[in-house]
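Chains as they are written, first to last, in the working numbering: chain A, 1 to 482; chain B, 483 to 936.
Think of the CB as a built atom: it goes at the ideal place given N, C-alpha and C, for glycine as much as any other residue.
This one's a predicted model, so the numbers in the text were calculated from it and none came from an experiment.
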Amino acid sequence: MRWPFTLKIIGILTLFFGLTMVFPILVGLYYQDQSVIPLLESMGITVLAGFILYFFFRNHKAETISQREGMAIVALGWTFVGLFGALPFYFSDDDFMFVDAVFESVSGFTTTGASILINIEAVSRGLLFWRSFIQWLGGMGIIVLSVAILPLLGVGGMQLYKAEVPSPVPDKLRPRIRDTASVLWKVYALISLAEVVLLMLGGMTFYDALCHTFTTMPTGGFSTKNASIAHYDSVYFDAVFIFFMLMAGINFSLHYELLRGKPLALWRDSEFRFFLGTVVLLVVLVSLNIFGSIYDSLGQAFRYGAFQVVSIISTTGYATADYEKWPAMSQLILLLCMFIGASAGSTGGGVKCLRVMLCFKFCYKQLFSLIHPHAVFSVKIGGKVVSDDVMQSILGFLALYIGLFTFSSVILAGIGVDFTTSFAAVAASIGNIGPGFGLVGPVDNYAQIPYLGKWMLIWCMLLGRLEIFTIIILVVPEFWRK
Amino acid sequence: MRVVIVGAGEVGFHVAHHLALENIDVVVIDKDRDTIRRISDNTDVQTLIGSGSSPIVLEEAGIQNTDIILAVTDSDETNLVACLVANMISPTTKKLARIRDADYDKYHQMFSAQAPHIDTIINPEIEVIKTIHQFMNIPGAVDVGEFADGRLKFVGVNLDKDLRLAGVKLSDIPAVAEKARPLIVAIVREEELIIPHGNDCLLPGDLVYLISEDHKLLDTLSALDKHHQPVNRVLIVVGGRLGFRLAAFLEENSVQTKIIEKDPDRCTFLAENLNRSVVLCGDGSDRSILAEENIRDIDVVVTVTDNEETNILASLLSTRMGAGKSIAKISRFSYFPLMQAIGIEQVVSPRLSAINSILHHIRRGKVLSAISLKGQQAEVIEAIALETSAIVQKPLKDISFPKGAVVAGIIRQEDIIVPSGNSVIEPGDRVIIFTRRQAIPKVEKILSVKLEYF
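Next up, the structure:
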């Protein structure tokens, strides 16, 4: 572990991140609101901090980055970005407590979309833009962006990429990591552009369309309106959002294949079929469940049911209805969605369809070998064998996910939060969804969670976004031994 | 540029690593999951698990848009089939294959003229035998290479403690050493590569790279206290494929050869197929057999077993027992820096030879050969100066040459010119450029076409 070198890279990342603050500053200048000064201060501090770190360790060079260093850079890099990203909130006139500012910032970067803001519409435009923009940056990954743009990360980019995009079966779209990263960002930006256009065609202002796109594509869920998407109450917008939330929940390498003119790639992918199948099934179940009891017409039931299921399973977290008033079955299905999550390689969170699917297959393999003790049976995906160590890492991931989920909810309940809330708040944070149940339901927010609880949820969000291993490794003593 | 490499063994791995550092798109195919994991963890390349001779896998690797396919698996047959399939799917791709079986030697031309249309067949063993032969004849050489069809030699030597030229400035050397002035292109001092100027001095312990005309080489080296000793008796440890080839080669050059082999069946084979060599059945690291065969009178011991640790130990043992010098075959690159410290100076590596022969086919511009130095920090490139290139018809001092690269020599027909600031490169000249790895892409650029053409 070469700490000076690691810190130098983190310095570069922080510096680079500080420069992105120029966008909300431009927005603030355009609307001439009070966010400009806090943003300028934050940018100054961030750029300076990054530069000092870089300058101090500038002589430490290395040709490669080891796996351990890659994990440390990504884990610490995200922590730094979360803290520096909180500065604009902290310096603003809307008197954020420090923990609230960090909560809002990390919730943004990790694309959770959990908010402590009670009156969103009162916040200045520049700051709201920043809040949406950090979700967009965090969605495809700030480190993937750096790998794509900064040539100095070079070969080591790969370790960073693997630590930030820890897909169970990593796929490299192009021979070089830098090209892969930039292809992913281009696809991401292109789909985002399409959404902005479609939202504006529906009559949304450019500002709102941009902010909402910046939170749909990374499956974030921040809205510029107090009532979230329910504010617009329009079938057109609901449909556009459902479509783009689904898009964001699909593996981006499939989008890339699609754009290269291979439309069949989508359908050939078994994870995509699983994801779509699950969504369709759950939408039908929820719609039938709320039809009659909540909504009088089947159309209405379908509209709200579909929106909520897609919003939760893609881990976006927009709301068009207060699903806490829905029957128990629908609520439980939504809770289940929080755990399933979107596809691997998408911007969504949760356990990921690929892992769920492989887990089912693995269980079937166990049952099969009880019936045929001598059978040779390998778990396959899309016709390719999944090796034992990949399977093991998936089972390890699940065990850690459930273990950390249980641990954190017990702690939260211990701080004095009620049963439903502590359960749902942790599920919604670790799965990067946003709204949960109880005190943190779709029409409430996280402001009422106690001080310590907020810090714990911040940690959960980071765990979920970097898929457990990259963050949890920091608390393993072995990691720090020489 | 895009390169597909079939086989991620030591050669595939290092070529891939080398190319990836130069920002070339590399796709590596191998059957073995663990080998693939090793390469994808260490190198920025795309990987595919599968058989490189399968058309489906090759299509998946994007063979149609590939400039060069390199088949370097351990199996000659797989390499041939991979090239054959690549030729069917994508005839325009340049094909390079490693073929090691001696039976194919006479048919190399046929493979390029007919069906698989393999552009270049690489046989590292032929290269290694050539290198061993050069090591025997060039005193003190730790690295050798040839330019201009062998008229010009590129040699690396370690300088001894009691060096006569120690502390002498490079610009003063011609005055001190009467017979020949060595043209020193690089010095490796404490693992750091230096491109020297006139004010730099030679120090004992330096590894010095120099270029010399073939007939002046021995004089040049004796200025550096490396004196030639004729090689009359050679002992080869283990008569594997390489040992057998080497023995046959030495027989042709009328050198007395002894060859030690453990396996009795193999010994019979060797005895049947070699004429004048003495075949001994025994262990090459056995003191008694070495003493029995008068190891003191042997000029060179060549250890070419498949196990590098055995090679190292057998070499050390035989020099300790009084052999003139030893040459060891070492494949693992990570051992190279250790060799000098433990007292083995001359090391051959089939893999490094393979990499060198592969590299010059991958270089752009009219590159005739490219030799990478043992530590792989730098390369020596021999290229033809094109009329369109930015380096011609201007004095060297006016050319904005990439940092870390120098023109080490200019060959114009029969003459070899040692360049100075006022030398002018004419179109058609062969230039020898010494360059650090970082500068290679820029060197390629200036060699191919003038920049402003784009």
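If you follow the beta strand (DSSP E) that Y691/B is in, where does it begin and where does it stop? Position 209 of the second sequence, counted from the first residue, corresponds to residue 691/B. That run of the beta strand (DSSP E) goes 689 to 695.
Runs of alpha helix (DSSP H) lying entirely within the segment 93 to 141 of chain A, each at least 4 residues, in chain order: 98 to 109, 125 to 140
Segments of 4+ residues assigned as alpha helix (DSSP H) that fall wholly inside the segment 562 to 595 of chain B: Listed in chain order, the complete alpha helix (DSSP H) runs (minimum 4 residues) inside the segment 562 to 595 of chain B are 590 to 595.
Can you find a CB in chain A that lies within less than 8 Å of the CB of R515/B? Here residue 515/B refers to the residue found at position 33 when the second sequence is read from its first residue. Chain A contact via Cβ: present.
Near-chain B residues of the segment 391 to 417 of chain A (beta-carbon distance less than 8 Å), N- to C-terminal order: Among the residues of the segment 391 to 417 of chain A, none has a Cβ less than 8 Å away from any Cβ of chain B.
Partner residues on chain B for M158/A, Cβ-Cβ distance less than 7 Å: Indexing the first sequence from 1 puts residue 158/A at position 158. Ordered by position in chain B, the residues that pass the 7 Å Cβ test against M158/A are D526.
Distance, F437/A Cα to L254/A Cα: As a first step, residue 254/A is located in the first sequence; it is residue number 254 there, counting from the start. As a first step, residue 437/A is located in the first sequence; it is residue number 437 there, counting from the start. Their Cα atoms are separated by approximately 33 Å.
Determine, using beta carbons only, whether S270/A comes closer than 8 Å to chain B. Counting from one through the first sequence, the residue named residue 270/A turns up at place 270. Contacts with chain B at 8 Å (Cβ-Cβ) do not include S270/A.
What whole-angstrom Cβ distance do T525/A and D444/A have, given they're in contact under 8 Å? Because residue 525/A is not part of the residues shown, which for chain A are 1 to 482, the question remains open.
With 16 as the cutoff for other CB atoms within 10 Å, does H499/B come out buried or exposed? By one-based count along the second sequence, residue 499/B stands at place 17. Buried: at least 16 other Cβ atoms inside 10 Å.
Have a look at the DSSP bridge pairing and note the partners of L717/B. The residue you call residue 717/B lines up with position 235 of the second sequence. According to DSSP, which records beta bridges pairwise, L717/B is partnered with K740/B, V783/B.
Cβ neighbours of P598/B in the same chain (closer than 6 Å, five flanking residues each side left out): As a first step, residue 598/B is located in the second sequence; it is residue number 116 there, counting from the start. The residues are C565, L566, N569.
Coarse secondary structure for D768/B, derived from DSSP in three states: Counting from 1 along the second sequence, the entry for residue 768/B is found at position 286. Coil.
Is the CB-CB distance between I899/B and F629/B below 8 Å? In the second sequence, residue 899/B corresponds to position 417, counting from 1. In the second sequence, residue 629/B corresponds to position 147, counting from 1. Contact: no.
Only counting the same chain, and skipping five residues up and downstream in sequence, which positions put a Cβ closer than 7 Å to that of T210/A? Looking up residue 210/A in the first sequence gives position 210. It is Leu, not Thr, that sits at residue 210/A in the sequence shown. Contacts found: V196.
Cβ of K172/A less than 8 Å from any chain B Cβ? For the purposes of this step, residue 172/A is taken as the residue at position 172 of the first sequence. Cβ-Cβ to chain B under 8 Å: yes for K172/A.
Range of the contiguous alpha helix (DSSP H) that encloses F17/A: Stepping through the first sequence from its first residue, residue 17/A is reached at position 17. Run containing F17/A: 3 to 19, per the alpha helix (DSSP H) assignment.
Run through chain A and tell me which residues come within less than 7 Å of V508/B, C-beta to C-beta. Against the second sequence, residue 508/B aligns to sequence position 26. Residues of chain A passing the Cβ test: P175.
Answer yes or no: does any C-beta atom of chain B fall closer than 8 Å to that of S107/A? Taking the first sequence and counting its residues from 1, the one referred to as residue 107/A is at position 107. False, the Cβ-Cβ gap to chain B never drops below 8 Å.
Excluding five sequence neighbours on each side, which residues of the same chain lie with their C-beta closer than 6 Å to the C-beta of C749/B? Here residue 749/B refers to the residue found at position 267 of the second sequence. Cβ neighbours of C749/B beyond the five flanking positions: E743, V761, C763.
Check this for me: beta carbons of I250/A and L285/A, under 8 Å apart or not? Translated into positions along the first sequence, residue 250/A becomes position 250. Translated into positions along the first sequence, residue 285/A becomes position 285. In this structure, L285/A does not lie closer than 8 Å to I250/A by Cβ.
Can you give me the C-alpha to C-alpha distance between R727/B and D631/B, rounded to a whole angstrom? As a working mapping, residue 727/B is identified with position 245 in the second sequence. As a working mapping, residue 631/B is identified with position 149 in the second sequence. C-alpha separation (whole angstroms): 23 Å.
Under 8 Å by beta carbon: chain B residues contacting S387/A: Taking the first residue of the first sequence as 1, we reach residue 387/A at position 387. Neighbours of S387/A on chain B, chain order: R515.
Using the C-alpha atoms, what's the distance from F883/B back to G622/B? Here residue 622/B refers to the residue found at position 140 of the second sequence. Here residue 883/B refers to the residue found at position 401 of the second sequence. Their backbone Cα atoms lie some 32 Å apart in a straight line.
Taking the straight line between their C-alpha atoms, what separation do you get for L281/A and L336/A? To locate residue 281/A, count along the first sequence from 1; it is residue 281. To locate residue 336/A, count along the first sequence from 1; it is residue 336. Roughly 13 Å between the two C-alpha positions.
Sequence-distant residues of the same chain with beta carbon closer than 7 Å to Q675/B, five excluded per side: The sequence position of residue 675/B within the second sequence is 193, counting from 1. Residue identity differs from the one stated: residue 675/B is Leu in this sequence, not Gln. The residues are A668, Q859, A860, R918.
Taking three-plus beta-carbon pairs below 8 Å as touching, is the segment 89 to 100 of chain A in contact with the segment 404 to 424 of chain A? no
Option in F133/A, K365/A, R174/A, E63/A with minimal Cα separation from I506/B: The residue given as residue 506/B occupies position 24 in the second sequence. Checked all of F133/A, K365/A, R174/A, E63/A; the closest Cα to I506/B is R174/A.
Could you tell me the alpha carbon to alpha carbon distance between D601/B and F593/B, rounded to whole angstroms? On the second sequence, position 119 is the one that residue 601/B refers to. On the second sequence, position 111 is the one that residue 593/B refers to. So the two alpha carbons sit approximately 8 Å from each other.
State yes or no: is the C-beta of A890/B within less than 8 Å of the C-beta of I693/B? Locating residue 890/B in the second sequence gives position 408, counting from the first residue. Locating residue 693/B in the second sequence gives position 211, counting from the first residue. Yes, the Cβ-Cβ distance between A890/B and I693/B is below 8 Å.
Burial state of R833/B (16 or more Cβ within 10 Å): Locating residue 833/B in the second sequence gives position 351, counting from the first residue. Residue environment: R833/B is assigned as buried (16 or more neighbouring CB atoms within 10 Å of its CB, all protein chains considered).
Does E934/B come out as helix, strand or coil in the three-state DSSP assignment? As a working note, residue 934/B is residue 452 in the second sequence. Legend: pLDDT at E934/B = 43, less than 50; position of this residue unreliable, no value from coordinates given.
Near E104/A, what residues of its chain come up, given a Cβ to Cβ distance below 8 Å and the 5 sequence neighbours on each side ignored? Taking the first residue of the first sequence as 1, we reach residue 104/A at position 104. If we look at E104/A and ignore the five residues flanking it on each side, its Cβ neighbours are A86, F89, F96, S115, I116, L117, R131.
For F302/A, the three-state DSSP class (helix, strand or coil): In the first sequence, counting from the first residue as 1, residue 302/A sits at position 302. If DSSP states are grouped into helix, strand and coil, F302/A belongs with the helices.
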